[in-house]
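Just below is one structure, and these are the notes that go with it.
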Amino acid sequence: MAAIDARAVETLFTEARTHNVWYDLDIREETLRELYHLMQHCPTSMNCQPLRILFLRSPAAKQRLKPALLPGNVEKAMTAPVVAVLGYDTAFYEHLPRTFAHSPGAKAMFEEDPAFADVTAFRNSSIQGGYFILAARALGLDVGPMSGFDHRLVDQEFWPDGRVKSNFLCNLGFGDASALFPRGERFAFDEACGCL
2 MAAIDARAVE TLFTEARTHN VWYDLDIREE TLRELYHLMQ HCPTSMNCQP LRILFLRSPA
62 AKQRLKPALL PGNVEKAMTA PVVAVLGYDT AFYEHLPRTF AHSPGAKAMF EEDPAFADVT
122 AFRNSSIQGG YFILAARALG LDVGPMSGFD HRLVDQEFWP DGRVKSNFLC NLGFGDASAL
182 FPRGERFAFD EACGCL
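So the number in this note's numbering is just where the residue sits in the sequence shown, counting from 1, plus 1.
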C-alpha cells in the first residue's frame, strides 16, 4: 500500500483537534452512511464487529441524552449537529457464523466465557471507535469524543434490553476553530514507547 500524502496526514492526525463549539450546519444522513461505510472495512479481532452506533440528530433525541451528561458536556453535545452514541453488542458472537464463517467454533468460544466475550466486545468497539473518528475526519467533519456521562442512564434510555452497552460519545459537526483550547502537550516517543 502507498503512504497517504502530507495533507491527508494533517487532516487525520497532526492538525486535527477535539472540538467543543459548533457551527449550526446540518450533517446529512448520506454523510453518516458514508462514514460507516469507510470505518466498517477496518479490522477487528475475529471480524467480530461489536460496535453499534446511534446517531442523535434531532433536538428531541439529544434531549433524551441530556440527563446522562456531566454538566461540562451538556452545551457541546446539545449544540453539536450530531451526537453519536457508540456502544458494543455484548452478544456479538451470535453473528460469528456469518462474519467469521471459516472458524465454526468461534461462537461457542465466547458463549462459554461471558467475561472473555465482554472484554472482547469492549476492546474491539473501542478500536472501531478510533476508526470512526478517523473516518469522520476523512469526510471533512470535526469530532469531539466524550466519556463524561452516566453509562447506566444512557444504556437504560437507548438500549433498554441490556444487550448493547455504551462505550463513549462523539460529537460530530463543523467546529469553530476560534474556540479551540491550546493544544495540550503530548508525550515524546521515549516517554511512551520502548523498542526491544
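Just so it is clear, CB atoms sit at the ideal spot from N, CA and C, and this is done for glycine as well.
Worksheet item: Which two residues bound the contiguous beta strand (DSSP E) that contains Lys67?
Response: Per DSSP, Lys67 lies in no beta strand (DSSP E) segment and is marked neither H nor E.
Fill in: C-alpha distance - Val89 paired with Leu52, whole-angstrom precision
For the sequence presented, residue 89 should be read as Tyr rather than Val. If you take the alpha carbons of Tyr89 and Leu52, they lie about 5 Å apart.
Worksheet item: Exposed or buried, what is Val83 when buried is set at 16 or more other beta-carbons lying within 10 Å of its beta-carbon?
Response: With 16 or more other Cβ atoms within 10 Å, it is buried.
Fill in: Beta-ladder partner(s) of Asp90, from DSSP
Note: Asp90 sits in a beta bridge opposite Val165.
Item to complete: Give the single residue among Ala107, Glu112, Ala81, Ala85 whose Cα lies nearest to the Cα of Thr91.
Response: The residue among Ala107, Glu112, Ala81, Ala85 with its C-alpha nearest the C-alpha of Thr91 is Glu112.
Practice prompt. Under 6 Å Cβ to Cβ from Val22, same chain only, skipping five residues before and after it: list those, please.
Written response: So the qualifying residues of the chain are Asp177, Ala180.
Worksheet item: CB-CB under 7 Å to Ser127, same chain, minus the five flanking residues each way: which ones, in chain order?
Response: Setting aside the 5 residues that flank it on each side, Ser127 is surrounded in the same chain by Asn168, each with a C-beta closer than 7 Å to its C-beta; the list follows chain order.
Worksheet item: What whole-angstrom Cβ distance do Ala78 and Leu170 have, given they're in contact under 8 Å?
Response: Confirmed, about 7 Å.
Worksheet item: Hey, Phe101 and Ala107 are a contact pair by Cβ (cut 8 Å); roughly how many whole angstroms apart?
Response: Contact holds; Cβ gap of about 5 Å.
Fill in: Check whether Leu36 and Ala137 have beta carbons under 7 Å apart
Result yes, Cβ atoms of Leu36 and Ala137 sit closer than 7 Å.
Worksheet item: According to the Cβ coordinates, are Ala85 and Ile134 closer than 7 Å?
Response: Not in contact: Ala85 and Ile134 (Cβ atoms no closer than 7 Å).
Worksheet item: In this structure, does DSSP put Pro98 in helix, strand or coil?
Response: DSSP places Pro98 within a helical segment (H, G or I) once states are collapsed to three.
Fill in: Range covered by the alpha helix (DSSP H) that runs through Leu197
Following the DSSP letters along the chain, one finds Leu197 in no alpha helix (DSSP H), marked with neither H nor E.
Worksheet item: What does a CB cutoff of less than 7 Å around Glu186 pick up in its chain, not counting 5 residues either side in sequence?
Response: Listed in chain order, the non-local C-beta contacts of Glu186 below 7 Å within the same chain number zero, local neighbours out to five positions each way being set aside.
Worksheet entry | Segment limits, beta strand (DSSP E) that includes Val144 | Per DSSP, Val144 belongs to the beta strand (DSSP E) from 143 to 147.
Item to complete: For the alpha helix (DSSP H) containing Phe133, list its first residue and its last residue.
Response: Per DSSP, Phe133 belongs to the alpha helix (DSSP H) from 115 to 139.
Practice prompt. With DSSP as the reference, please indicate the residues paired to Ile54 in a beta bridge.
Written response: Looking at the DSSP assignment, Ile54 forms a beta bridge with Leu87.
Item to complete: Flag this pair as yes or no: are the beta carbons of Leu87 and Gly130 separated by less than 7 Å?
Response: Using a Cβ distance threshold of 7 Å, Leu87 and Gly130 count as a contacting pair.
Practice prompt. Please name the residue in Arg8, Thr80, Pro183, Cys43 whose C-alpha comes closest to that of Ile28.
Written response: For the options Arg8, Thr80, Pro183, Cys43, the alpha carbon positioned closest to that of Ile28 is the one of Thr80.
Worksheet entry | Per DSSP, cross-strand counterpart(s) of Thr19 | BP columns for Thr19 point to Val144.
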